[in-house]
Amino acid sequence: MSNQNNKNIDVPQIEKMRHSAAHVLAQAVLSLYPEAKLGIGPAIEDGFYYDFEFPTQVSDDVLQKIEKEMKKIIKRDLSLKQTFKDRKGVVERYKALGQEYKLDLLNNIEGDEISFYVTGDDEFIDMCRGPHVSSTKEIGAIKLLRIAGAYWKGDEKNKMLTRIYGTAFESKKDLDEYLERIEEAKKRDHRKIGKELGLFVFSETVGKGLPLWTPKGAAIRRELERFIVDLEIARGYQHVSTPEIARLQLYEKSGHYPYYKDSMYAPIEDEDEKFMLRPMTCPHHFELYLSEPRSYRDLPMRIAELAKLFRYEQSGELSGLIRVRSFCLSDAHIVCANAEQAKSEAAGVIDLIQEITEVFGLKMGENYRFKLSLGDRKDEKKFYKNDNAWDEAEEALREVLKNKECEYYEEEGDAAFYGPKIDIQMRNVLGKEETAFTIQYDFVMPERFDLNYVDQDGELKKAIVIHRSAIGCLERIIAFLIEYYAGAFPTWLSPIQVRVIPISEKHLEYAQEIKQELWDKQVRVELDDRNERLQYKIRDAEVNKIPYTLVVGDKEIETSTVSVRVRGKKDQGLHKKDTFLKHLLKEIKEKDISPSLGA
RNA sequence: GCUGGUGUAGCUCAGUUGGCAGAGCAAAUCUUUCGUAAAGAUUAGGUCGUGAGUUCGAUCCUCACCACCAGCUCCA
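Residue numbers (this note's numbering): 449 to 1047.
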């Protein structure tokens, strides 16, 4: 069932099927567990779910049983028809049945005539606006996927219900293809590839959510660090360095503390002082800003730092490199003189983000999308109260997105407590979306920190701050990039860029020479001098996604050449050492997306 | 943190209805010196996530804890 007011919108057949499958799921559950209580059951992106309160604890193994029951119902070709019932009768009926969640939902539905859908000859009835398919046999191929807990109405203060996820497709073939796609996607999972390529590890002894980077993984980080810092310098950012720890008072002053308390590590106490591992950089940068009087001539002041941050995330939220407890954010705070400047700076950040995504080969709409995260005027606990400031700030960011011709969607209640933000959302390999980069408009911190400047007219004026990250935190962007490239990084990011393979022992000396020449040019090169056959070493280089493999033997020594093999391609033939090196260095410098020897 | 699941060699996974723990890959050594995706042999590698309990005996059963996975909540 769904409370979405979408009765006049054309709903695609597949969505109707899935929504109807949710009804069938509820019917199947009730026939097996008559005492189960029903929550809601909508169609979702790749399927559907229904929330239940079961009379007893249930685990995975019920899925098969319920699925069998569902298939029986689908086979029986039962009709799904809309009907309207009088509110009073509905309330009484649900009270009698003890369907407390349905009663709760009823409170949010207006009118006396309540829409229901009846399955078959009154076999199952659910409060619902529809639309649905006309008969259960139209539902197609279904599969129940998993069982999980979900708080009633998405609020962790409410009871946790049991959510059953499933999916439905027009045909068994489509369903199988979907399941196959999921399996394929799992092969690109950054945790899997990270392990296979030896990029990072976790240690139970070090602690959860605290990644350890191997030399290979650290090479990727280093390249990204250099990349972003150079870009920022070119755009007038000033890089600073501030401590990863600060007195508790700092976060009380910034106002972060009450909002962030739960996700901060416990204080480190020293006599009567409390120090906190920092979960954000902002207040440090603000204190730096305050270290001397500022003039309008100093603004916009772009204070940047590769900042190591610590957030004590709830254990269940940790996920590979995408959610960790210690991470490095490419952070910056742009102190702006006024709203005009803030807008132009926000626009500048969008330019920077687009420059970066282009280098990675990511496309707007396909690989990432913009979200305008708004505040919620009613939620004074979560969002600093100042309706005018919110309105202005939200409109400012909206204008920036429009001017930059960014497609975006808006989400109420996703803002920071100090202002709205533009989030750049990316999906992981299994479709789960996370914020990769962010641009935040802050009208609160300037007030709290007295971030002022002397204007042209000699007056002391209040600044506006843009918080931003154009490449996000290194852990997360690397996770996305691993999945996006499936481990086959562009040469500039590859932990090992070139591997040299001597055909036999007598070619070892020449291979070493080649390696040294590349090494001297800062190329990340390895020599495979293991006692193995050429084919084995070629395979190993391919499996390790190394962009260039140089094979050297008699032929190459005679002609001062190397045989170049490009990742994923066959032998590209003999190339003069210098020609290859020149090409390689150019490719690295220009950050070409994939290795190639050109036409 | 909550709901459900999983945990066996460095990796991928078998297996034991409670009775000496298994394979492939990777590693090491030897043979081989090889022309573009896996040569052959040998060796080593394990408190079966941790700790209690039940039992003559626990990797297997029970409980607690830890870590990981999916989802919820939260979020860069």
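Just so you know, even glycine gets a beta-carbon here, dropped at the ideal spot from N, CA and C.
On a predicted model such as this, the values are computed, not experimentally measured, just so you know.
- If the five residues before and after Val581 are omitted, its C-beta is found closer than 6 Å to the C-beta atoms of Lys464, Met465, Ser468, all from its own chain and listed in chain order.
- A distance of 9 Å or more separates the beta carbons of Phe648 and Leu554.
- For the 9 Å CB-CB criterion, Ile462 and Glu618 form a contact.
- Sequence-distant partners of Tyr744 (beyond 5 residues in either direction) whose C-beta falls short of 6 Å from its own C-beta, in its chain, are Ala785, Tyr901, Asp903, Gln904.
- Per the Cβ contact rule, the region 658-671 is not in contact with the region 950-957 (fewer than 3 Cβ pairs under 8 Å).
- By the Cβ-count criterion, Ile587 is buried, with 16 or more other Cβ atoms from all chains shown falling within 10 Å of its own Cβ.
- Just so you know, the alpha carbons of Ala936 and Val807 end up roughly 15 Å apart.
- The beta carbons of Asp862 and Leu822 sit closer together than 9 Å.
- Nearest to Lys1025 by alpha-carbon distance, out of Lys963, Glu803, Tyr760, Gly879, is Lys963.
- Residue burial annotation: Thr729 is buried, with at least 16 other C-beta atoms found within 10 angstroms of its C-beta.
- The continuous alpha helix (DSSP H) containing Lys523 extends over residues 510-523.
- Across the set Glu980, Glu843, Ile926, the C-alpha of Ile926 shows the shortest separation from the C-alpha of Glu673.
- Look at the region 993-1039 and you find these whole runs of beta strand (DSSP E), each 3 residues long or longer: 996-1000, 1009-1014, 1019-1024.
- For Cys921, there is no enclosing beta strand (DSSP E), as DSSP gives it neither H nor E.
- With a beta-carbon spacing of about 6 Å, Ile521 and Thr584 fall inside the 8 Å limit used to define contacts.
- A residue is called buried once 16 or more other Cβ atoms fall within 10 Å of its Cβ, and Gly487 is buried on that count.
- Excluding residues up to 5 positions away in sequence, Ile949, Asp976 lie with their Cβ nearer than 6 Å to the Cβ of Lys985 in the same chain.
- Assigned with DSSP and collapsed to three states, Asn851 falls in helix.
- Excluding its 5 nearest sequence neighbours in each direction, Leu698 has C-beta neighbours in its own chain below 6 Å: Pro731, listed in chain order.
- The alpha helix (DSSP H) runs of length 4 or more contained entirely in the region 536-571 are, from start to end of the chain, 548-554.
- Only residues of its own chain outside the window of five on either side were considered, and among them Thr615, Phe617 have a CB closer than 7 Å to the CB of Tyr626, listed in chain order.
- Ranking Ile557, Leu526, Glu721 by CA distance to the CA of Lys536 puts Ile557 first.
- Its Cα nearest to that of Leu1033, the residue Pro995 stands out among Gly1021, Val1000, Lys1017, Pro995.
- Contact fails between the region 595-613 and the region 569-580, because fewer than three Cβ pairs, one in each stretch, are under 8 Å apart.
- According to DSSP, residue pairing for Phe865 in a beta bridge does not occur.
- With respect to Lys826, Tyr857 sits apart: the two C-beta atoms are not nearer than 9 Å.
- As computed with DSSP, Arg594 is found in a beta bridge with Tyr613.
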